[in-house]
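Trainee:
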Amino acid sequence: MSLFGTTSGFGAGGTGVFGNATTDSHNPMKDVEVTSPPDDSISCLAFSPPTMPGNFLIGGSWANDVRCWEVQDNGQTVPKAQQMHTGPVLDACWSDDGSKVFTASCDKTAKMWDLNSNQAMQIAQHEGPIKSIHWIKAPNYSCIMTGSWDKTLKFWDTRSPNPMMSLQMPERSYCADVVYPMAVVATADRGLIVYQLENQPSEFRRIDSPLKHQHRCVAIFKDKQNKPTGFALGSIEGRVAIHYINPPNPAKDNFTFKCHRSNGTNTTTPQDIYAVNAISFHPVHGTLATVGSDGRFSFWDKDARTKLKTSEQLDQPITACAFNSNGNIFAYASSYDWSKGHEYYNPQKKNYIFLRNAAEELKPRNKK
Amino acid sequence: MGRKKKKQMKPWCWYCNRDFDDEKILIQHQKAKHFKCHICHKKLYTGPGLAIHCMQVHKETIDSVPNAIPGRVDIELEIYGMEGIPEKDMQERRRTLEQKSQESQKKNPSKATLLQWPSSGCLLWLAYLGCTLEHIKARNLSMPPMMPGVPPMMHGMPHAMHGMPPGMMQMGGMMPPMMPGMPGMPHGMPHHMAPRPGMPHMAQAAGVMASRPAVPGVQPAVSKPLFPSAAQMGAVCSTAAVSSPAADLQSASSQPPFPNTPQAQQSTSGVPASNPHSAASSDPPKATFPAYTQPSVSSSTSSSNPSSGAVAKPPATVATKPATLTTTSATSKLIHPDEDISLEEMKAQLPRYQRLTARQGQAHVAAPPVVSVGGIMPPQQGMPPQQPGMRHPMHGQYGAPPQGMPSYMPGGMPPYGQGPPMVPSYQGGPPMGMRPPVMSPAGRY
Chain X
1 MSLFGTTSGF GAGGTGVFGN ATTDSHNPMK DVEVTSPPDD SISCLAFSPP TMPGNFLIGG
61 SWANDVRCWE VQDNGQTVPK AQQMHTGPVL DACWSDDGSK VFTASCDKTA KMWDLNSNQA
121 MQIAQHEGPI KSIHWIKAPN YSCIMTGSWD KTLKFWDTRS PNPMMSLQMP ERSYCADVVY
181 PMAVVATADR GLIVYQLENQ PSEFRRIDSP LKHQHRCVAI FKDKQNKPTG FALGSIEGRV
241 AIHYINPPNP AKDNFTFKCH RSNGTNTTTP QDIYAVNAIS FHPVHGTLAT VGSDGRFSFW
301 DKDARTKLKT SEQLDQPITA CAFNSNGNIF AYASSYDWSK GHEYYNPQKK NYIFLRNAAE
361 ELKPRNKK
Chain E
1001 MGRKKKKQMK PWCWYCNRDF DDEKILIQHQ KAKHFKCHIC HKKLYTGPGL AIHCMQVHKE
1061 TIDSVPNAIP GRVDIELEIY GMEGIPEKDM QERRRTLEQK SQESQKKNPS KATLLQWPSS
1121 GCLLWLAYLG CTLEHIKARN LSMPPMMPGV PPMMHGMPHA MHGMPPGMMQ MGGMMPPMMP
1181 GMPGMPHGMP HHMAPRPGMP HMAQAAGVMA SRPAVPGVQP AVSKPLFPSA AQMGAVCSTA
1241 AVSSPAADLQ SASSQPPFPN TPQAQQSTSG VPASNPHSAA SSDPPKATFP AYTQPSVSSS
1301 TSSSNPSSGA VAKPPATVAT KPATLTTTSA TSKLIHPDED ISLEEMKAQL PRYQRLTARQ
1361 GQAHVAAPPV VSVGGIMPPQ QGMPPQQPGM RHPMHGQYGA PPQGMPSYMP GGMPPYGQGP
1421 PMVPSYQGGP PMGMRPPVMS PAGRY
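Chains X and E supply the protein sequences, listed in that same order.
Be aware that the first sequence starts at 1, since it is given in the working numbering, and climbs by one per residue.
Be aware that the second sequence starts at 1001, since it is given in the working numbering, and climbs by one per residue.
1. Is V276 of chain X closer than 9 Å to A320 of chain X when the C-beta atoms are compared?
2. Looking at I130 of chain X: is its Cβ nearer than 9 Å to the Cβ of I136 of chain X?
3. State yes or no: is the C-beta of R172 of chain X within less than 9 Å of the C-beta of K154 of chain X?
4. With distances taken between CB atoms, is the gap from S148 of chain X to H126 of chain X smaller than 9 Å?
5. Helix, strand or coil: how does DSSP classify Y244 of chain X here?
6. Pull up the DSSP beta-bridge partners for C44 of chain X, would you.
7. Is K1333 of chain E close to chain X, meaning its C-beta is less than 9 Å from at least one C-beta of that chain?
8. Spell out whether any CB of chain X is found under 9 Å from the CB atom of K1347 of chain E.
9. Using a Cβ-Cβ distance cut-off of 9 Å, determine whether A46 of chain X contacts chain E.
10. Alpha carbon to alpha carbon, how far is W1012 of chain E from C44 of chain X?
11. Answer with yes or no whether the minimum CB distance from Q168 of chain X to chain E is below 9 Å.
12. Quick one, are the C-beta atoms of G230 of chain X and S209 of chain X less than 9 Å apart?
13. Report the rounded CA-to-CA distance for D1022 of chain E versus S1342 of chain E, giving the unit in angstroms.
14. Once the 5 residues before and after Q82 of chain X are set aside, which same chain residues still bring their CB inside 6 Å of it?
15. Is there contact between the segment 218–225 of chain X and the segment 173–185 of chain X, where contact requires at least three CB pairs shorter than 8 Å?
16. Using beta carbons (cut-off 9 Å, strictly below), is Y1416 of chain E in contact with chain X?
17. Is it buried or exposed, K350 of chain X, if we count other Cβ atoms within 10 angstroms and call 16 or more buried?
18. For the candidate residues E:G1081, E:P1048, E:R1093, E:D1338, whose alpha-carbon lies nearest to that of I1075 of chain E?
19. Which complete alpha helix (DSSP H) runs does the segment 203–282 of chain X hold, if anything under 4 residues is left out?
20. Answer with buried or exposed for R1094 of chain E, where buried requires no fewer than 16 other C-beta atoms within 10 angstroms of its C-beta.
21. For D272 of chain X, which residues in chain E fall below 9 Å Cβ to Cβ?
22. Relative to the C-alpha of A358 of chain X, which residue among X:S36, X:G60, X:T287, X:H85 is closest?
23. Roughly how many whole angstroms lie between the Cα atoms of P250 of chain X and H243 of chain X?
24. Can you tell me which residues form a DSSP beta bridge with Q196 of chain X?
25. Can you tell me whether H342 of chain X is buried or exposed? The criterion is at least 16 other CB atoms within 10 Å of its CB, across all chains shown.
26. What are the start and end residues of each continuous beta strand (DSSP E) run of 3 or more residues lying completely inside the segment 121–174 of chain X, in chain order?
27. Let me know if Q77 of chain X comes out buried or exposed under the rule of 16 or more other beta-carbons within 10 Å of its beta-carbon.
28. Looking at the structure shown, is P372 of chain X part of a helix, part of a strand, or coil, going by DSSP?
29. Assuming K302 of chain X and E361 of chain X are in contact, meaning their beta carbons sit under 8 Å apart, how far apart are those beta carbons, in whole angstroms?
30. With the cut-off set at 9 Å, would you say L211 of chain X and P28 of chain X are in Cβ contact?
31. Between the alpha carbons of K363 of chain X and H282 of chain X, how many angstroms are there, rounded?
32. Alpha carbon to alpha carbon, how far is K1024 of chain E from T268 of chain X? Give it in angstroms, no decimals.
33. With S298 of chain X as the anchor, note down where its beta strand (DSSP E) starts and where it stops.
34. Counting only Cβ pairs nearer than 8 Å, list the residues of chain X close to Y1353 of chain E.
35. Any beta carbon of chain X sitting closer than 9 Å to that of I1027 of chain E?
This is the structure in structure tokens:
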């Protein structure tokens, strides 16, 4: 009965929209649609690094594929290539020089995709699906970091089949982010671990979660000197915590805010609370974007502690988002994230990736 | 705002001088802040009502209205919303509003509300607040009524704090504290401009607070020089954040857009200081962060509790079943399946996604012909689809970036939609699993 949490019926807000098949609401923001989107839910999006000219977007999906598009300046997207895994792709990232894409999958492997040769090679193996993959470029080493549901965090030199290092985690890794020299992993059971990556990766601190619900996404932010200084953590309860690693006054500097909830002003019906599926920070402004199961994206300024914008509601949850390297493009993916359980899964429903011009909307509010 | 201006001005709370957009919100605010029983949290309708309730139910007397500014603590006055406000106070208010509006013309043409901000007394008041709330937080209490000069509230705070209430008394009817919730952001805005110069004072007052280890589990302030930036960050943060170190943001009176429900009761030490700024600087008052709560949950309760709520599944004491979440409460509903595992884990349990990993185990050593992947290809380039990718001398083909495209073959690739459906292609299961160079014969991309 209440297996999928839909007992209270269809309250106002998101649930109703899922039922409708209005042709409009798949792109209410009228953003650019990426051509040839994947055929199943999109799990991750990533833009090419600034070291290579042009903008290339990769997206991994539950259709076991990871696709690459070129995003041209006029907004046109050209599908370029794709690679397959034998299981759904859960995460993907670029190397720092933009020549390789690393993909992580439920098939417990991670692959390195050389874009020049369009060959992909397995570089990592876990005992369980790999949920997150990040490229680490340190002055004295470079490697891949993979976080898996097998409760380990492994670091791989792509040339060797054995990991350079394997760190045990208290629980399954649910999300991670890396900005050298800092890495953050959020695990099941509300675990939160920060790692430092200088010399070699090691656990830096375990943090008591600032949130009371399952962790879902995490993103590191940097300070004005471009050094990582904290992270934003999103949970399934429509809330994001901004947490600094060493703030002068943790009680004041760390805070949480609610987001991705329905029924803002109407307090008579129960409020629908949606999961925050992904968080991305704008590379230039330091403002952040959150996307949620309610099918909306929002832009926030964490220093002014204000919301900059919330989008209209899409008819599907938004499962992933990414900014390109100069912050002009915001990409977000509209596909089903399972937030309403099995019943609402419609394999026929199209999945989309949208691109939006982010240059203006993410400018920080002037404080004071 | 259905009617014309209420008594020619926006609704404001007589007890704490805060402004509101709507009388309904004002009433909600009063009920939550001033007419709420500190013992059982029941919300009454008026001051006398609260007094009577406390007497009858808890056998306790109260002599002043909670969270009221000094001079407005009269528990006998029957005030409800804007009704019952003594005429004298109304006039005084009107006068101050006029003064304010003139003064704040340069900053914000629309509203002029609260009184002058800075005075050292005010800042002390804030410090007191911040201290109290942090203290409360440390002890995990719910927010006590901030009655100035009520000794029981002090709860053994260090001496420094004792000096504060007297300081606060001096404010005498002045400053609407940043207190009960950073209320009426847009209204509060003008006076926030003023306190900027007061900030340094605040910092010193804050320094007094710092003597108390307010934060539970405070981490070493200077650990490895690893994230040195964090230390510098403090300077930026504190100025922004400091002016209201502890404000209970749960007042329902703040911005309409966000569900700042009155249920958010637990201790909060939000820092809404910059809200007014944000409102000030942009005309459409973008909603502020709705809840500056530290990890307190206003609606759905914590996860991993065997739920007693609407969930039908038994609690997860058995190893096989995952823990369940409490997804429903009276006021809100988590749109998430009940098990406390991630959405991806749930989806991955589906047979259609499982099949692949199994397949990978058996088939990988077999010779390739990446059928389904090949499948996409034929329409595109007339390359023999069955080519086991890796044997194909791909390199020769791709090596040359012909048109100077950054390492990709030039476009002209027809959209993916074409070939036979690749996707749930587990039937064709390109058993690419283990083999190193997984060649997608889509070579020419």
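All C-beta atoms in this analysis are idealised placements derived from N, C-alpha and C, irrespective of residue type, glycine included.
Remember, predicted model here, so these are calculated numbers, not experimental data.
Mentor: The short version:
1. no
2. no
3. no
4. yes
5. If DSSP states are grouped into helix, strand and coil, Y244 of chain X belongs with the strands.
6. X:G60
7. The beta carbon of K1333 of chain E sits closer than 9 Å to some beta carbon of chain X.
8. yes
9. Put simply, the CB of A46 of chain X is far from chain E, with every gap to its CB atoms at 9 Å or more.
10. 49 Å
11. no
12. no
13. 41 Å
14. D65, R67
15. yes
16. Its pLDDT being 40, under 50, Y1416 of chain E is placed unreliably in this model, and the coordinates cannot settle the point.
17. exposed
18. E:P1048
19. For the segment 203–282 of chain X, whole alpha helix (DSSP H) runs of length 4 or above, ordered along the chain, are 250–253.
20. exposed
21. S1332, K1333, L1334, I1335
22. By alpha-carbon distance to A358 of chain X, the top candidate from X:S36, X:G60, X:T287, X:H85 is X:T287.
23. 8 Å
24. X:M182, X:S202
25. exposed
26. 130–137, 142–148, 152–156, 165–168
27. Looking at the sequence provided, one finds Thr at residue 77 of chain X rather than Gln. Under this definition T77 of chain X is a buried residue.
28. In the structure displayed, chain X extends from 1 to 368; residue 372 of chain X sits before or after that span and is not available.
29. The Cβ separation is near 15 Å, so there is no contact.
30. no
31. C-alpha separation (whole angstroms): 9 Å.
32. 14 Å
33. 297–301
34. W62, G87, P88, C106
35. Interface flag for I1027 of chain E against chain X is unset, since no Cβ pair is found closer than 9 Å.
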